[in-house]
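Enquirer:
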Amino acid sequence: MDYTLLILLLPLCSFLFIGLSGTKLKPAVAGIVGTLSLTAVTLLSYYTAYDYFSSQNISGVWQTLTPYNLTWLHVGEKLHIDLGILLDPISVLMLVVISTVSLMVHIYSMGYMKGEKGFQRYYAFLSLFTFSMLGLVLATNIFQMYIFWELVGVSSYLLIGFYYTKPAAVAASKKAFIVTRFADFFFLIGILVLSYFTQTFDFEALLTGDGSILSGAMGSTFIGASALTWAMALIFIGAAGKSAMFPLHIWLPDAMEGPTPVSALIHAATMVVAGVYLVARMFPIYIGFTPEVLQGIAYVGAFTAMFAAVIAIVQTDIKRVLAFSTISQIGFMMVALGVSTSMQLAEHEHGGLGYMASMFHLFTHAMFKSLLFLGAGSIIHAVHSNEMADMGGLRKYMPITHITFLIACLAIAGIPPFSGFVSKDEIMTAAYGFGTGMGIWMTITAGLTAFYMFRLYYRIFWNKEYEVHGGHLPHESPRSMTFPLMFLALLTLVGGFIPFGKFVTADHTQYTIHLDTTIAIVSVVVALAAIGLATLLYRKENDQPARLAVRVEGLYKAAYHRFYIDEVYQFITRKIIFNGISRPFAWFDRHVIDGAINGLGWITLRTSEAVKGFQSGNVQWYAWVFLFATLLITFLTIIFTH
Amino acid sequence: MTQQIIFSILAIAIALFSVLAVTSKRIIRSAIYLLFVLLATAGLFLMLNYHFLFAVQVTVYAGGIMVLFIMAIFLTHKPGKIMERRTNLKLILSMLLSSGGLVLCGYIILRNVTRTYNYLKVSEMNMQDIGHAMMGTGKYQFLLPFEAISLLLLTCIIGAIMIARKEKNIETNDNKDLDHQ
Amino acid sequence: MGELIVNTSGGAPIPLTAYLIVSLIMFFAGIYGFFTRKNLILILISIELILNSVDINFAAFNRYLFPDRMEGLFYALFVIAISACETAVAIAIVINVYRKFGNTEVDNIQQMKN
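Residue numbers (this note's numbering), protein chains in the order written: chain D, 1077 to 1718; chain H, 2 to 182; chain B, 4 to 117.
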């Protein structure tokens, strides 16, 4: 499996090549180079998946391979940071997901970003991002994962702030970077705590085996919880930042300021699921030793899912709707992980169902969410606006976009036989297995999901007749943009039929998915009801939604303003942190530290001024000094010779 | 006994007048006090039985140099003008240093001059011996310094005249006027 | 007060240290005047005091310690002569300073300042 190194190297090389050549390359050339490199990566990933899943099954258990694991840095006597490639079911899965979506985005961007200034820079950053994300999922040890985690954050910053002349974009990129960086601070502390006790970063050492390596961490306690609990909770905070869990979700809606293909790649399919991936990677420790943290994860995920869904219902910018939808769906994934009770997933033991369901949903969500974003990009490209008010009746003008978008909406709503149905159903089953309350909560959220997605669909493609702005009618997007849409729609259609349980489970055994009929029927009914409600309200233009909004005006306004969470953050940072902490520090730095240095300079100046007087040109003064010195020497001679 | 009385008078005069010379407010008074000091010093020389030195002191120092000083004073000052004194840091420093030096040197003298000596009552020095010593070229004889000093005196005379003469005016203006006409 | 000079025969009427103390006082008065006075001529007067005290020193030592020798006498003689020359040149300079500045303050001649 040595060829897997190419999967990492190719995007890096294309990043360096395109990045360094910059504007010397013609835009089309840069695009083609990037796309070709990604095509190669995708083919290699598919081949890796084929190779791995066809050969690495030994007595029913998928093996973990490490084709490369090079020691990079020694820290202390036993700790060392490695760089390497780890292949196991979830990392191979992520390889497939990342490379497919990235390739689609590359092809799509050839059409979408045509004529944009900085085209080459865009493709360079796309390659950088792909490289970082691939490195993250292929990491053999947690520190390597952290390094690539940060790289992914940087790529995201660069891509969100692509339109750097737009202040909103710059602010959004800063916000994304700062919020995720803040979360990563806790992640790092978690890593350090864990590695301090276990003396290793390596995943294989931490996750396999009997867990004796964790005994040190379990033993020491700190404010009532063991060090291991603290470490895993801190690691989760890092995951929550990257995956936009409440209250660290604030950066994701603003990140929509970046180009739409970027949103599709980073903020729908790949980067935001890095947090889910991290929890999945550390799952054996969570399940076996800190199940209380896992429960916390479930609650956070559940709250986030409902919270984001409520906000999504009232947003009018189509990209914001999709952003909150992403937050909600990732909440689903976190819930699925959180409700697991064991690693085992067999015919009679369903404790590990949540893990499998989460990974399955990650896969299908990547497909249909990136399809939704690319479709939105196609719409925005045609209509030159993000707002729903500027759209309506577009089904006549953009048939391909319309059909693919509909397929994606049906998938996310959970209508069989689309892929979303199967994965979401598994999550529901796991949630009901945890507790009925959780199950009902998630079902309601799923209903809300269906509702707002179809609200979005109808507002764009039906509702009212399109008002022509600026003289020209919208037209379907070019082939470079519609091809990825069709490809992803195809995957969404057939994805549900993949026997996922045979490939990805928590304990690497194989499991056949079967549907729990009761739960399936309940969720389908809820989804259909929600779709029906949306059709009633939005298919034809009417004032029912407006009247409903007035009835719940307070709630409507709060949801529209995303429940004022951003304002709370602003308040805390401006009033409390800036005024309370930063200002005194700045004062201290300016007056005390700078003052000390300036004081040194001042002292030197004053001393030299004073000493200057010695050369006064005054003969009497010279004579005085002369005599003084002579008498002094005489005096000293007397003292020291008696 | 008489010697001691005379010595005390002379010593007190010297001490008093030298301090007054450096602290008085009027410059003429300083010069006069210096004159008294010089005369008292001459008296001391006499007590030491150095008659020649006494004579030289009176004629050269008290007679020549003092006259020179007084002439210079009259050339450069309005008579009777009060000299202002320094009142600042320099005064205090100088005072401190002088008194400190005084104490130090006094201590050295009083502690260290312990050599025994014979005080021989000798008569006054013979002028011929002095003359021979001055003009002789043997060991302990001072012809060379004598000639050197005469040369020095010559240099001083020339130097003083050079420094102190008025600068001549160059009369180019008159020549130009004549040419133009 | 330490040991005074001990004389062994005849007894000197006036001890050597007395002469030395007198010259010491004159010396430091001259030094004080040199440092303190602003007028150039007064500085010259102070220098005269210093030179004079040195004369007394030479003469006294010569008389008391080496009565049969004449070096001290001659040195004192030459000091007087040299002091005369130096005074003459100094007065010439003072005249020049007076012509340039109108007064004979020592602060005028500070061109070596800093």
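We put the CB at the ideal spot given by N, CA and C, even for glycine.
Could you check if W1148(D) is buried or exposed, using at least 16 other CB atoms within 10 Å of its CB as the buried criterion?
Expert: One-based indexing of the first sequence puts residue 1148(D) at position 72. Its Cβ having fewer than 16 others within 10 Å, W1148(D) is exposed.
Enquirer: Taking the continuous alpha helix (DSSP H) assigned at W1538(D), which residues delimit it?
Expert: On the first sequence, residue 1538(D) is found 462 positions in, with the first residue counted as 1. Neither: W1538(D) is in no alpha helix (DSSP H) and is coded neither H nor E.
Enquirer: Counting only beta-carbon atoms, is I15(H) nearer than 7 angstroms to chain B?
Expert: As a working note, residue 15(H) is residue 14 in the second sequence. Cβ-Cβ to chain B under 7 angstroms: yes for I15(H).
Enquirer: Among I1161(D), M1419(D), V1246(D), S1404(D), which one has its Cα closest to the Cα of T1216(D)?
Expert: Here residue 1216(D) refers to the residue found at position 140 of the first sequence. Of I1161(D), M1419(D), V1246(D), S1404(D), the residue nearest in Cα terms is I1161(D).
Enquirer: By alpha-carbon positions, which one of E1192(D), L1486(D), Y1239(D), A1356(D) ends up nearest to E1333(D)?
Expert: As a first step, residue 1333(D) is located in the first sequence; it is residue number 257 there, counting from the start. Minimum Cα distance to E1333(D) is reached at Y1239(D).
Enquirer: For the stretch 1697-1714 of chain D, which residues have a beta carbon sitting closer than 7 angstroms to at least one beta carbon of chain B?
Expert: Of all residues in the stretch 1697-1714 of chain D, A1699, W1700, L1703 have a Cβ within less than 7 angstroms of some Cβ in chain B.
Enquirer: Taking only beta-carbon atoms, is L45(H) less than 7 angstroms away from chain B?
Expert: Locating residue 45(H) in the second sequence gives position 44, counting from the first residue. With 7 angstroms as the cut-off, L45(H) counts as an interface residue toward chain B.
Enquirer: Hey, is L111(H)'s beta-carbon within less than 7 angstroms of any beta-carbon in chain D?
Expert: Position 110 of the second sequence, counted from the first residue, corresponds to residue 111(H). Chain D, which has no Cβ nearer than 7 angstroms to the Cβ of L111(H), makes this no.
Enquirer: For L1438(D) versus V1349(D), is the C-beta distance shorter than 7 angstroms?
Expert: Mapped onto the first sequence, residue 1438(D) falls at position 362. Mapped onto the first sequence, residue 1349(D) falls at position 273. Going by C-beta atoms, L1438(D) is nearer than 7 angstroms to V1349(D).
Enquirer: Relative to the C-alpha of L1096(D), which candidate in Q1196(D), L1354(D), V1172(D) has its C-alpha closest?
Expert: Translated into positions along the first sequence, residue 1096(D) becomes position 20. The candidate whose alpha carbon is nearest that of L1096(D) is Q1196(D).
Enquirer: Terminal residues of the continuous alpha helix (DSSP H) containing P1660(D)?
Expert: Translated into positions along the first sequence, residue 1660(D) becomes position 584. First-last of the alpha helix (DSSP H) with P1660(D): 1659-1663.
Enquirer: Taking just the CA atoms, how far does I66(H) sit from L153(H)?
Expert: As a first step, residue 153(H) must be located in the second sequence, where it is residue number 152. As a first step, residue 66(H) must be located in the second sequence, where it is residue number 65. Rounded to whole angstroms, L153(H) to I66(H) spans 16 angstroms at the Cα level.
Enquirer: Would you report the Cα separation of P1660(D) and V1269(D), rounded to the nearest angstrom?
Expert: By one-based count along the first sequence, residue 1660(D) stands at place 584. By one-based count along the first sequence, residue 1269(D) stands at place 193. Between P1660(D) and V1269(D), the C-alpha separation is close to 31 angstroms.
Enquirer: Could you confirm whether any beta carbon from chain D is found closer than 7 angstroms to the beta carbon of F30(B)?
Expert: For the purposes of this step, residue 30(B) is identified with residue 27 of the third sequence, where counting begins at 1. So, not an interface residue.
Enquirer: Inspect the CB distances between the stretch 1464-1473 of chain D and the stretch 1538-1556 of chain D and report whether three or more fall short of 8 angstroms.
Expert: These segments touch.
Enquirer: With DSSP run on the structure shown, which of helix, strand or coil describes V1117(D)?
Expert: To locate residue 1117(D), count along the first sequence from 1; it is residue 41. Of the three classes helix, strand and coil, the one that applies to V1117(D) here is helix, per DSSP.
Enquirer: By Cβ distance below 6 angstroms, which residues in the same chain neighbour L1613(D) in space, the five residues on each side in sequence not counted?
Expert: Here the question's residue 1613(D) lines up with position 537 in the first sequence. Counting only Cβ-Cβ distances below 6 angstroms, and skipping sequence neighbours, we find Q1620, P1621.
Enquirer: With distance defined between alpha-carbon atoms, name the residue in I1714(D), T1568(D), V1386(D), I1456(D) nearest to I1483(D).
Expert: Counted from its first residue, the first sequence places residue 1483(D) at position 407. Looking only at I1714(D), T1568(D), V1386(D), I1456(D), the smallest Cα-Cα distance to I1483(D) is reached by T1568(D).
Enquirer: Let me know if D130(H) comes out buried or exposed under the rule of 16 or more other beta-carbons within 10 Å of its beta-carbon.
Expert: Position 129 of the second sequence, counted from the start, is the residue given in the question as residue 130(H). Its Cβ having fewer than 16 others within 10 Å, D130(H) is exposed.
Enquirer: Going by C-alpha distance, which of F1201(D), I1174(D), N1674(D), L1120(D) is nearest L1092(D)?
Expert: On the first sequence, residue 1092(D) is found 16 positions in, with the first residue counted as 1. Residue F1201(D) is the option with its Cα nearest to L1092(D).
Enquirer: Quick one: does G65(H) have its CB under 7 angstroms from some CB of chain D?
Expert: Within the second sequence, residue 65(H) is the residue found at index 64, counting from 1. G65(H) does not count as touching chain D.
Enquirer: As a quick exercise: from V1246(D), A1526(D), L1163(D), pick the residue whose alpha carbon is nearest that of T1124(D).
Expert: Your numbering for residue 1124(D) matches position 48 in the first sequence. Here the closest residue by C-alpha is L1163(D).
Enquirer: Grouping DSSP H, G and I as helix and E and B as strand, with all else coil, what is L80(B)?
Expert: Along the third sequence, one-based indexing puts residue 80(B) at 77. Correct three-state label for L80(B): helix.
Enquirer: I need the straight-line Cα distance from S1556(D) to K1395(D), nearest angstrom please.
Expert: For this step, residue 1556(D) is matched to residue 480 along the first sequence. For this step, residue 1395(D) is matched to residue 319 along the first sequence. Between S1556(D) and K1395(D), the C-alpha separation is close to 21 angstroms.
Enquirer: Do you know how far the Cα of G1671(D) is from the Cα of L1086(D)?
Expert: Residue mapping note: residue 1086(D) aligns to position 10 of the first sequence, counting from 1. Residue mapping note: residue 1671(D) aligns to position 595 of the first sequence, counting from 1. One C-alpha to the other measures close to 52 angstroms.
Enquirer: What whole-angstrom Cβ distance do F1253(D) and Y1233(D) have, given they're in contact under 8 angstroms?
Expert: The residue you call residue 1253(D) lines up with position 177 of the first sequence. The residue you call residue 1233(D) lines up with position 157 of the first sequence. At roughly 4 angstroms, the Cβ-Cβ gap stays under 8 angstroms, so F1253(D) and Y1233(D) are in contact.
Enquirer: Report the three-state DSSP secondary structure of A1582(D) (helix, strand or coil).
Expert: As a first step, residue 1582(D) must be located in the first sequence, where it is residue number 506. A1582(D) falls in the coil class under three-state DSSP.
Enquirer: I need the DSSP call for Y62(H), collapsed to helix, strand or coil.
Expert: Along the second sequence, one-based indexing puts residue 62(H) at 61. In this structure, Y62(H) counts as helix in the three-state DSSP scheme.
Enquirer: Could you list which residues in chain D have their beta carbon closer than 7 angstroms to that of I34(B), in chain order?
Expert: The sequence position of residue 34(B) within the third sequence is 31, counting from 1. Those within 7 angstroms of I34(B) in chain D are L1703.
Enquirer: Counting C-beta neighbours from all protein chains within 10 Å, is the total for Q1696(D) 16 or more, i.e. buried, or is it exposed?
Expert: In the first sequence, counting from the first residue as 1, residue 1696(D) sits at position 620. So Q1696(D) counts as buried.
Enquirer: Whole angstroms are fine: how far does the CA of L1084(D) sit from the CA of N1145(D)?
Expert: In the first sequence, the residue the question calls residue 1145(D) occupies position 69. In the first sequence, the residue the question calls residue 1084(D) occupies position 8. In a straight line, the C-alpha of N1145(D) is about 14 angstroms away from that of L1084(D).
Enquirer: What residues in its chain sit with their C-beta under 7 angstroms from that of T1505(D), if we drop five residues either side in the sequence?
Expert: Counting from 1 along the first sequence, the entry for residue 1505(D) is found at position 429. Counting only Cβ-Cβ distances below 7 angstroms, and skipping sequence neighbours, we find L1429, D1592, I1595.
Enquirer: Among residues of its own chain, excluding the 5 on either side of S12(B), which ones have a beta-carbon nearer than 7 angstroms to its beta-carbon?
Expert: Position 9 of the third sequence holds residue 12(B). Any reading at S12(B) is ruled out, since the residue's pLDDT is 44, under 50, leaving its predicted position unreliable.
Enquirer: Rounded C-beta distance between A1625(D) and R1531(D)? I'm assuming under 8 angstroms.
Expert: Counting from one through the first sequence, the residue named residue 1625(D) turns up at place 549. Counting from one through the first sequence, the residue named residue 1531(D) turns up at place 455. Not confirmed; about 12 angstroms, so no contact.
Enquirer: Do you know offhand how far V1701(D)'s Cα is from W1663(D)'s?
Expert: Reading the first sequence from its first residue, position 625 is the one you call residue 1701(D). Reading the first sequence from its first residue, position 587 is the one you call residue 1663(D). Taking the CA atoms as reference points, V1701(D) sits about 46 angstroms from W1663(D).
Enquirer: Taking C-beta to C-beta, are A63(H) and L35(H) nearer than 7 angstroms?
Expert: The residue labelled residue 63(H) in the question sits at position 62 within the second sequence. The residue labelled residue 35(H) in the question sits at position 34 within the second sequence. Taking 7 angstroms as the Cβ cut-off, A63(H) and L35(H) do not qualify as a contacting pair.
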